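According to mature numbering (1 follows the signal peptide of the UniProt record, and there is no 0), the stretch in the sequence shown is residues -27 to -1, 1 to 73, in order.
Think of the CB as a built atom: it goes at the ideal place given N, C-alpha and C, for glycine as much as any other residue.
Treat the numbers as computed from the prediction; the structure is a model and nothing was measured.
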Amino acid sequence: MSGRMWLPFPVLLLSALPAALLRGAAGFTPSLDSDFTFTLPAGRKECFYQPMPLKASLEIEYQVLDGGELDIDFHLTSPEGRTLVFEQRKSDGVHTISIT
């Protein structure tokens, strides 16, 4: 046998893929998923802040699980105070905001 080592095709393909994938993945940012549950007493407000990089998107989902009429007012604003989403008396919602 000569000095060459022959590997099965799938092994060769897998060894070549990382270099090809890394070239296209240079601008890829992994997703930052998080979720939490909190209690919001009737008539109260809670504010949450989420820092965001430029050229990203934020998907926010809410759902009322218990209490009262099963609805809330939802208000999403930009750092400048501009209203991005305002909903009244909703029991759930999903919104995607692109940061430019």
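For Ile45, count neighbouring Cβ atoms within 10 angstroms of its own Cβ and tell me buried if that reaches 16, exposed if not. buried
Is the stretch 53 to 69 touching the stretch 19 to 26 in the sense that three or more CB pairs, one from each, lie closer than 8 Å? no
Which residue's Cα is closest to the Cα of Glu53: Gly16, Leu43, Tyr22? Cα-wise, what sits closest to Glu53 is Tyr22.
Taking 8 Å as the line, does the beta carbon of Gln61 fall inside it for any heavy atom of the ligand PLP? Only the bare structure without any ligand can be found here, which leaves the ligand PLP out of the picture.
Beta strand (DSSP E) segment containing Glu32, residue limits: 29 to 36
From Pro14, Thr50, Asp6, Ser7, pick the residue whose C-alpha is nearest to that of Val37; which is it? Pro14
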